[in-house]
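What follows is a short report on a single structure.
In the working numbering, the protein residues as written are 73 to 519.
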């Protein structure tokens with residue numbers, strides 16, 4: 073009957089699960105008049121019959137249960153075709169609905185999908201494909217090399233772990249409730265509601281997870297998503313080798329050592345990656361874009377101000393000053409000012425040295441450089457050469473933008489130990505800017 077329609081489709085397939093199809097079905101149900109069409113005999117012809125979902129509309133009130141089933145179906149399909157990340161994405165979307173009310177079958181479904189489908193893949197990512205017998209080496213060896221696939225898989229794995237943590241730590245985690253208890257009038261429902269053996273079986277084998285372990289798995293998944301550096305993660309998390317096994321979510325894990333060099337290095341690496349991926353066009357007016365990095369940093373014992381300070385430093389180092397103008401003006405209290413000022417002085421030395429070197433190579437501007445204080449210029453050069461000998465990249469920025477940043481830094485650094493150096497930088501940039509403008513005006517007059 074369902075497939076008698078010329079526009080029929082199977083909702084449980086990847087194609088039938090499309091957003092447009094779901095909207096079409098729900099719209100048809102809401103527009104249909106409720107009458108005698110509550111029995112399959114009501115299906116008469118292609119033109120007169122509403123979709124089969126219309127006859128199951130009361131079952132649509134069991135949203136979380138339907139979502140749990142849908143997630144299990146989709147993850148099963150994904151297991152057969154793991155390159156199709158659309159299936160896993162929609163599975164995760166269904167899981168978000170299934171665990172909305174912090175119910176036991178929602179948590180049981182999350183754990184089933186993690187244990188049977190996602191955990192073996194993550195275990196293979198961390199420790200090698202040979203460790204998970206249930207995975208095809210031939211299939212996953214090529215997928216793991218695909219950075220796009222790997223990035224999306226890691227994101228979904230982390231999302232599932234986050235939902236497990238949220239659901240398992242909820243004070244309102246409810247006992248499993250029978251579908252019959254959800255409705256006062258069940259006589260008109262077709263087909264009649266019965267206990268679901270699949271969800272009941274999952275709930276029956278539900279074991280309490282350890283929050284410390286779930287959190288640790290979540291941190292490792294997140295740091296891997298940001299850095300893809302397994303060796304650094306293993307150094308930062310001493311219990312790393314105990315993770316992602318069959319029983320690891322159910323076992324207590326030792327606390328993470330706080331603020332180690334390796335952990336700080338991981339956060340720094342994540343911040344650099346986040347800054348490099350940010351565009352210089354949109355305005356960044358808050359720290360929401362690094363909120364997840366802050367949370368992992370806090371788990372490592374790092375002050376959120378450190379994470380924010382390093383992020384702004386990286387944005388400026390990459391020459392994206394314009395995107396954080398507003399944020400820079402109002403975030404002084406949220407920063408580690410000594411670290412921020414020290415790092416910016418180094419960046420400004422590199423910028424000014426680059427500008428001076430460029431002016432020296434242009435005949436008409438060589439005289440401009442001669443106006444600079446010799447001692448201050450030598451200090452800037454020495455600082456720049458020392459800094460650029462390291463691996464960090466510094467994006468060249470115009471003299472006007474550099475001067476603007478120096479003025480902002482000078483206002484932040486009143487009575488700071490580096491205020492004298494900042495004043496020297498300000499004098500150099502101001503002298504250069506004035507001389508260059510005079511030179512440009514003279515060129516215009518000569519023309």
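Idealized CB from N, CA, C, for every residue including glycine. Just so we're clear, the structure is a prediction, and the values are computed from it rather than from any experiment.
Kindly list the residues whose CB is nearer than 8 Å to the CB of residue 478, restricted to its own chain and excluding five residues on each side of it in sequence; keep chain order. In the chain shown, counting from the first residue as 1, residue 478 sits at position 406. 420, 494, 497, 498, 501.
Please confirm if the region 342-361 is in contact with the region 301-313, defined as three or more CB-CB distances below 8 Å between the two stretches. no
Within this structure, are the beta carbons of residue 379 and residue 369 separated by less than 7 Å? Sequence index remark: in the chain shown, residue 379 carries index 307 (1-based). Sequence index remark: in the chain shown, residue 369 carries index 297 (1-based). Yes; because the gap between Cβ atoms is below 7 Å, this pair is in contact.
To the nearest angstrom, report how far apart residue 512 and residue 506 are at their CA atoms. Within the chain shown, residue 512 is the residue found at index 440, counting from 1. Within the chain shown, residue 506 is the residue found at index 434, counting from 1. Near 10 Å, if we compare the C-alpha coordinates of residue 506 and residue 512.
Does DSSP put residue 481 in a helix, a strand or coil? As a position in the chain shown, residue 481 is number 409, starting the count at 1. DSSP places residue 481 in helix when its eight states are reduced to three.
Reduced DSSP category for residue 408 - H, G, I as helix; E, B as strand; rest coil: Locating residue 408 in the chain shown gives position 336, counting from the first residue. Coil.
Can you give the Cα-Cα distance for residue 303 and residue 481, rounded to whole angstroms? Position 231 of the chain shown, counted from the start, is the residue given in the question as residue 303. Position 409 of the chain shown, counted from the start, is the residue given in the question as residue 481. Using only the alpha carbons, I get a separation of about 37 Å.
Can you tell me whether DSSP reads residue 225 as helix, strand or coil? Stepping through the chain shown from its first residue, residue 225 is reached at position 153. Helix, per DSSP.
Name the two residues that bound the continuous alpha helix (DSSP H) containing residue 370. Counting from one through the chain shown, the residue named residue 370 turns up at place 298. Counting along the chain, the alpha helix (DSSP H) containing residue 370 begins and ends at 363-371.
Does the pairing of the region 232-239 with the region 276-296 give three or more beta-carbon distances under 8 Å? yes
At what residue ranges does the region 260-292 contain a whole run of the alpha helix (DSSP H), taking only runs of 4 or more? 269-276
Determine whether the beta carbon atoms of residue 459 and residue 422 lie at a separation below 7 Å. Numbered from its first residue, the chain shown carries residue 459 at position 387. Numbered from its first residue, the chain shown carries residue 422 at position 350. The answer is yes: Cβ separation under 7 Å.
The alpha helix (DSSP H) spanning residue 443 covers which residue range? Counting from one through the chain shown, the residue named residue 443 turns up at place 371. Segment: none, residue 443 is in no alpha helix (DSSP H) and carries neither H nor E.
Compute the beta-carbon to beta-carbon distance between residue 136 and residue 178, rounded to the nearest angstrom, for a pair I have assumed lies under 8 Å. Here residue 136 is taken as the residue at index 64 of the chain shown, counted from 1. Here residue 178 is taken as the residue at index 106 of the chain shown, counted from 1. Confirmed, Cβ separation roughly 6 Å.
Please report how far the alpha carbon of residue 220 lies from the alpha carbon of residue 428, in whole angstroms. Here residue 220 refers to the residue found at position 148 of the chain shown. Here residue 428 refers to the residue found at position 356 of the chain shown. C-alpha separation (whole angstroms): 42 Å.
Coarse secondary structure for residue 204, derived from DSSP in three states: On the chain shown, position 132 is the one that residue 204 refers to. Here residue 204 sits in coil by DSSP.
Three-way DSSP call (helix, strand, coil) for residue 295 in this model: Your numbering for residue 295 matches position 223 in the chain shown. Looking at residue 295 - three-state DSSP - the assignment turns out to be helix.
Quick one: using the 10 Å Cβ neighbour count with 16 as the cut-off for buried, is residue 192 buried or exposed? Here residue 192 refers to the residue found at position 120 of the chain shown. The residue is buried, with at least 16 neighbouring Cβ atoms inside 10 Å.
Quick one: any contact between the region 433-445 and the region 388-397, if contact means 3 or more CB pairs under 8 Å? no
Provide the residue span of the alpha helix (DSSP H) that contains residue 349, from first to last. Along the chain shown, one-based indexing puts residue 349 at 277. First-last of the alpha helix (DSSP H) with residue 349: 333-349.
Could you tell me whether the Cβ atoms of residue 160 and residue 150 are closer together than 7 Å? For the purposes of this step, residue 160 is taken as the residue at position 88 of the chain shown. For the purposes of this step, residue 150 is taken as the residue at position 78 of the chain shown. Result yes, Cβ atoms of residue 160 and residue 150 sit closer than 7 Å.
Nearest-angstrom Cα distance between residue 222 and residue 294? As a position in the chain shown, residue 222 is number 150, starting the count at 1. As a position in the chain shown, residue 294 is number 222, starting the count at 1. Their backbone Cα atoms lie some 13 Å apart in a straight line.
Best match in 490, 432, 425, 433 for proximity to residue 468 [C-alpha to C-alpha]: Mapped onto the chain shown, residue 468 falls at position 396. Among 490, 432, 425, 433, the Cα nearest to that of residue 468 belongs to 425.
From residue 410 to residue 450, what distance separates their C-alpha atoms? The count along the chain shown starts at 1 and reaches residue 410 at position 338. The count along the chain shown starts at 1 and reaches residue 450 at position 378. Their Cα atoms are separated by approximately 24 Å.
For the alpha helix (DSSP H) holding residue 328, just list the boundary residues, first then last. Taking the chain shown and counting its residues from 1, one reaches residue 328 at position 256. No alpha helix (DSSP H) contains residue 328, which DSSP labels as neither H nor E.
I need the straight-line Cα distance from residue 207 to residue 172, nearest angstrom please. Position 135 of the chain shown, counted from the start, is the residue given in the question as residue 207. Position 100 of the chain shown, counted from the start, is the residue given in the question as residue 172. If you take the alpha carbons of residue 207 and residue 172, they lie about 31 Å apart.
Tell me which same chain residues have a C-beta within less than 6 Å of the C-beta of residue 385, skipping the five on either side of it? Counting from one through the chain shown, the residue named residue 385 turns up at place 313. So the qualifying residues of the chain are 415.
Are there 16 or more other CB atoms within 10 angstroms of the CB of residue 281, so buried, or fewer, so exposed? Indexing the chain shown from 1 puts residue 281 at position 209. Its Cβ being crowded by 16 or more others within 10 Å, residue 281 is buried.
Three-state secondary structure (DSSP) of residue 391: Start at 1 with the first residue of the chain shown, and residue 391 comes out as number 319. Three-state result, residue 391: coil.
Does residue 489 pass the burial test, meaning 16 or more other C-beta atoms within 10 Å, or should it be called exposed? For the purposes of this step, residue 489 is taken as residue 417 along the chain shown, with counting starting at 1. Its Cβ having fewer than 16 others within 10 Å, residue 489 is exposed.
Could you tell me if residue 430 is buried or exposed, where buried requires 16 or more neighbouring beta carbons within 10 angstroms of its beta carbon? The residue labelled residue 430 in the question sits at position 358 within the chain shown. Answer is exposed; the Cβ neighbour count stays below 16.
Apart from the five residues just before and just after residue 413, which ones in its own chain have a Cβ nearer than 8 Å to its Cβ? The residue labelled residue 413 in the question sits at position 341 within the chain shown. Excluding positions up to five away in sequence, the list reads 481, 484, 485, 488, 490, 494.
Going by alpha carbons, who is nearest to residue 169 out of 140, 154, 454, 362? Reading the chain shown from its first residue, position 97 is the one you call residue 169. For residue 169, the nearest C-alpha among the options comes from 140.
Smallest Cα separation from residue 198: which of 300, 345, 336? Here residue 198 is taken as the residue at index 126 of the chain shown, counted from 1. Among 300, 345, 336, the Cα nearest to that of residue 198 is on 300.
Kindly give me the distance between the Cβ atoms of residue 333 and residue 374, rounded to whole angstroms, as I take these residues to be in contact under 8 Å. Within the chain shown, numbered from 1, the residue matching residue 333 stands at position 261. Within the chain shown, numbered from 1, the residue matching residue 374 stands at position 302. Not confirmed; about 12 Å, so no contact.
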